[in-house]
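J.: Position 66 (the sequence shown) corresponds to 66 in the numbering used here; numbering is contiguous.
One structure is given below, represented as structure tokens, and several questions about it will come after.
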Amino acid sequence: MKINSCRNCGIRFLVARSICPNCGKEDFESIPVKKGTVLESVELIASPEPFPDRYYLVLLDVDGTRVFCRSEEKLKEGSEVKITEDNMGPVCIMA
């Protein structure tokens, strides 16, 4: 998984942008991330296709950037997790 960072002001964000929302510059770099810290974990029991019937939606802090991922298990707040990706997006597992 990668997050984007403005080379001018350093603000980080997940979704790629053409102009930095903080300083207005157009110079970015993609930074690979492999770990995050769990802020919250919520069980979802009614999911649309192609997601499994039950899974956890997890909010992570990744170097100051908030990122959602999913997990097959409840993850404790404050836990450090590894971030991987599959064809449906970011997945987090215990580190």
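Here a beta-carbon is modelled for each residue, glycine too, at the ideal position from N, C-alpha and C.
What you are looking at is a predicted structure, and each value in this text was computed from that prediction instead of being measured.
Would you kindly report the start and end of the unbroken beta strand (DSSP E) that includes Glu-85?
T.: Segment 80-86, the beta strand (DSSP E) holding Glu-85.
J.: How about Leu-60 and Val-81: are their beta carbons less than 8 angstroms apart?
T.: Yes, the Cβ-Cβ distance between Leu-60 and Val-81 is below 8 angstroms.
J.: Measuring CB to CB, does Ser-5 end up less than 8 angstroms from Ile-31?
T.: Yes, these two residues count as a Cβ contact at 8 angstroms.
J.: Grab me the residues of Ala-95's own chain with a C-beta within less than 7 angstroms of its C-beta, minus the 5 sequence neighbours each way, in chain order.
T.: If we look at Ala-95 and ignore the five residues flanking it on each side, its Cβ neighbours are Lys-35, Glu-80, Val-81, Lys-82.
J.: Take Ala-16 and list the residues in its own chain whose beta-carbon comes closer than 7 angstroms to its own, dropping the five residues that flank it on each side.
T.: Around Ala-16: Asn-4.
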